[in-house]
Structures are given as C-alpha cells and as structure tokens.
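Trainee: Heads up: the sequence shown at position 337 corresponds to 339 in the working numbering, and the numbers run straight through without jumps.
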Amino acid sequence: MTGSSPAVRRLSDWDHDKLLTLADEYGTPLYVLDENRVRANYRRFTKAFPDAHVMYAAKTHTGRAVLSTLLDAGADIECAARGELQRAIDAGADPNTVQYTAVNPPDIDLSYAADLGTDNPGLTITAGAQDTFDRLAERGYNGRVAIRVNPGIGTGHHEKVATGKDAKFGIPADRVPEVAAAVAEQFDLVGVHAHVGSGVLHDDLDDHCRAIESIAAIARDVEAETGPLEFVDIGGGFGVPYREETEPLEMDTVSERVRAAVGDIDATLKLEPGRYIVADAELILTRVNTRKETESATVIGVDASLATLIRPAMFDAYHPIRNVSAPDRGDESVSVGGPCCTSADVFCTDRPVSQPERTDVLAVGNAGAYGYELANQFHSQPRPAEVAIDGDDHRVVRRRETLADVTKLEQ
Ligand SMILES: *Cc1c(COP(=O)(O)O)cnc(C)c1O
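(1) Going by alpha carbons, who is nearest to Asp347 out of Val151, Phe317, Asp333?
(2) Using 10 angstroms around the beta-carbon of Thr404, count the other beta-carbons present and answer buried if the total reaches 16, otherwise exposed.
(3) Does Arg400 come out as helix, strand or coil in the three-state DSSP assignment?
(4) Hey, would you say the C-beta of His321 is under 6 Å away from at least one heavy atom of ligand 1?
(5) Please state if the CB of Gln413 and the CB of Ala309 are separated by a distance shorter than 7 Å.
(6) Express the C-alpha separation of Ser113 and Thr121 in angstroms, rounding to a whole number.
(7) Could you tell me the distance, in whole angstroms, from the CA atom of Arg324 to the CA atom of Ser14?
(8) Going by CA-CA distance only, name the one from Lys167, Val194, Gly393 that's closest to Pro179.
(9) Kindly list the residues whose CB is nearer than 7 Å to the CB of Asn38, restricted to its own chain and excluding five residues on each side of it in sequence; keep chain order.
(10) Is Pro275 close to ligand 1? I mean its beta-carbon at under 6 Å from any heavy atom of the ligand.
(11) Using alpha carbons as the reference points, say which of Cys211, Pro250, Tyr372, Asp235 lies closest to Ala263.
(12) Any chance the CB of Val367 is under 6 Å from a heavy atom of ligand 1?
(13) Which of helix, strand or coil does DSSP assign to Ala213?
(14) By DSSP, does Gln101 sit in helix, in strand, or in coil?
(15) State the start and end residues of the unbroken alpha helix (DSSP H) segment that holds Gly119.
(16) Would Val224 and Leu271 qualify as a contact pair, given that the criterion is a beta-carbon distance under 7 Å?
(17) Which value, in whole angstroms, describes the spacing of the CA atoms of Arg277 and Leu21?
(18) Using only the alpha-carbon positions, how far apart do Thr4 and Pro243 sit?
(19) For Asp205, count neighbouring C-beta atoms within 10 Å of its own C-beta (all shown protein chains included) and say buried if the count is 16 or more, exposed if not.
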C-alpha cells in the first residue's frame, strides 16, 4: 500500500448528508468533485513512480478546478488540443512544461502549438505521422519533439480505447528508426511516446506490459539511430475499479512491472495518467422522477441522461449507483434511465439498488474521468452545474447552463 489514502473510493465512502444538502441547494443533475481525492490520487501515483515524470492527461477532465488542483500539487500537464493548451496555461501551467500530443491536428491547433513552442522552448510536441512533422517544419518550428509510436498492441476496457493497435495512432514500429533519422535532422528529438489503451486493470496488465516492452525496444532502436533520448513516455491507461467487487490496482506492483517492462534505458520514464487521477474523485447526483413497475423490469426515471454521462452508452461502461437518500431501504432489481428518447439512455439494467422512490437522490459514481468532459446538450438539455468540495468547504466551479446558453450561438 502506497501513501495514506485508500487506493479505492466507493460511493458509500462519500458523506451522504453533504451530498443531499448539495442536491437541495444546487439542484440535479449535479457533478460533485472532491479536490482532496484528486490530490490523493495524484500523490499515490507519483509515490509509486518516484523517479518518473508524471503528467496529467488534461482531456480526462479539463475543468479549471481539476487543473489548478493538480498544478498546485506539482503536476505537469499533457494536452491534446489547442483548447486544452489554452486552458492549462490559463490555470497556471508554464508552457515550457507542457506536452502537446498532436493526433491529426487541425491547422489552427498545430499553428497555436508551434507558436507556443517557439516562444517557450521547453514545450514538447508529440506527433505520430510524418505529415504532422512536415506541417510543423512548414510552420518554422524546430523545437522539442517526440515520436508517437504504434507498438501494435492495444489494451484496456473497450475496443474503442485500445489505441495501441489502431493504425490511427503513431508511427508503425518498423518505420520508426527511419522516421527518427529524418526527424532528428529538423527538430530536437527528445523522446519516444505511446499511449496504448485505457482502463487497464489486473487482467490487462500482461498485455499492457508487453506493449511497454515494445515501446522501450523501439526507444532503444531510436537511440541507436540518433543518440540518447531524454524520455520514454508510455502514456496513461491505468484503470480504477468501477464495479464494487473489483479490487484497485496495487500501484507498487504496477510500478515494479512497468519498470521491468521498460528495462535498461537511461532516458527518464514519463507517464500520463488521466482516469486514475480523477475517476473516483467525482460523482453525479440525480433525482428520481419516475417509478414504473412492468412485467419485465422496474424502471426508475432520473433527471441525468446520456447527455450528462455518455460512458454507459458509448463504452458500455458500468458506473456504480447508490440511493443516497435511503441506502438501507433494501435492494431491488431496477433499470435506471434518463429523459432521452433512445434505449441507449440507461445507466443500468437489472441492477440491485436500495429501493428508489420518487424524489430520492441517486449517486452515479466514478464520473470524474470522461464524465463532464463528454457531457453534451442532446435534447436541448443545459449541461449540469459542478460543485467542488474541499474538506468542509464547497463552491460552484461551473454554473448550471440555462436554455439561453443552449441557444446563444444561433443566429
Ligand atoms: C487519453 C490519453 C491519456 C490518458 O489516458 P487514461 O486512460 O485516462 O489514463 C494519456 N495520454 C494520451 C496521449 C491520451 O490520449
């Protein structure tokens, strides 16, 4: 066990009275972020990798409260879009410490990153296609770059996140040395990078480590071709338990296995966790508005939907659900769904939940990673407010959208 904070946080660990007060005060659906948990997750992670360089992957949750909390804790930030770069800098990141990962970057993004990197020579740009390097050179950029490689092995909780074997991401392993030679002529080649999957837990760790072995082998090939690298970046992907019965990763073990997979190399190990840092630091509060018993199911209607949290619809993701108003009423098997007119708008089917009644508040857990970040306005639904709690204090960090916000760009 590393650090003093528990490696997993379940819905039952949250202060239910506080959650009910927040639901009453700010309405539902409501995102509730625990900044202390963000800090604790970051600390536990960095403690397991003491001599590595850890960057938070901003796209997981780009909220100002999350970025500021992590910057204060000493994290650097990895960004994959112009908006993320801008928001990281606005939150206080020194552009010289930022890494920008360019995946089919639009011109406006690439120009922004190239200019930023020219003014701030510490910035690093990672690219996974020769075209991207050519477009950087066209923009007069000749600074720090890393080559994103494709190790041919993807891992993680869903095929839609197994980027390591998807041709979209990275330079194929066998082409890397030749690309590296050309890149080193034009730029300051400082690293090899890959991000191969997401939500990696116990069963996936073997595959993940094989991918890391492959990345490290590619890095050694590059070093043989162009000289020593500053870093080998193995991306993020470390999972958290979404199901109550799943055990958390034991980070000391993970760290040992990662180190063994990387093997002998002088370059600094870099990691870019996203999900691990924020997933269990946030939940969604939603209120029951409908209870309907049918032959086939007891259907519980709530005010959150796939517009609030799209992961169940998009990745078949499991999110824990708890009746915060009445956790001990006795479990019954229910389906919980929102107001959207699609069968995909369900948070669970046939799931035991303490009998939900109309007006009860349910919590949907592990919503911090790819939660608010993927929230949308489907069905003209204003996006929810977000409240951050920090010990006994709390504050609104993002106000609830109004219908006027939904329509304000229409001409
Ligand atoms: C999404 C992403 C991450 C973070 O992945 P997690 O699975 O959330 O840890 C890290 N690096 C890159 C390049 C990414 O695209």
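Glycine residues also receive a C-beta, built at the ideal position from the N, C-alpha and C atoms.
Mentor: Result, derived from the coordinates:
(1) When each option's Cα is compared against that of Asp347, the closest is Phe317.
(2) Thr404 counts as exposed, since fewer than 16 other C-beta atoms from the protein chains shown sit within 10 angstroms of its C-beta.
(3) Under the three-state reduction of DSSP, Arg400 is assigned to strand.
(4) No; taking the cut-off as 6 Å, the Cβ of His321 has no heavy atom of ligand 1 nearer than that.
(5) No, the pair does not count as a contact, with Cβ atoms beyond the cut-off.
(6) Here the sequence assigns Asp to residue 121, which means Thr is not the residue at that position. Each residue's Cα considered, the two are about 12 Å apart.
(7) In a straight line, the C-alpha of Arg324 is about 8 Å away from that of Ser14.
(8) From the listed residues Lys167, Val194, Gly393, the smallest Cα separation to Pro179 is found for Val194.
(9) If we look at Asn38 and ignore the five residues flanking it on each side, its Cβ neighbours are Asp392, Gly393.
(10) With a cut-off of 6 Å, the C-beta of Pro275 is classified as near ligand 1, since at least one heavy atom of the ligand falls inside that distance.
(11) Nearest option by C-alpha distance: Cys211.
(12) At residue 367 the sequence reads Gly, which differs from the Val that was named. For ligand 1, not one heavy atom lies less than 6 Å from the Cβ of Gly367.
(13) Of the three classes helix, strand and coil, the one that applies to Ala213 here is helix, per DSSP.
(14) In the structure shown, the three-state DSSP call for Gln101 is strand.
(15) Following the DSSP letters along the chain, one finds Gly119 inside the alpha helix (DSSP H) bounded by residues 109-121.
(16) Against a cut-off of 7 Å, the Cβ pair of Leu271 and Val224 comes out as no contact.
(17) Roughly 23 Å between the two C-alpha positions.
(18) For Thr4, the predicted structure reports a pLDDT of 42, less than 50, and the residue's modelled location is therefore unreliable. A value from the coordinates is still provided. For Thr4 and Pro243, the gap between their C-alpha atoms comes out near 17 Å.
(19) Exposed, since its Cβ has fewer than 16 Cβ neighbours within 10 Å.
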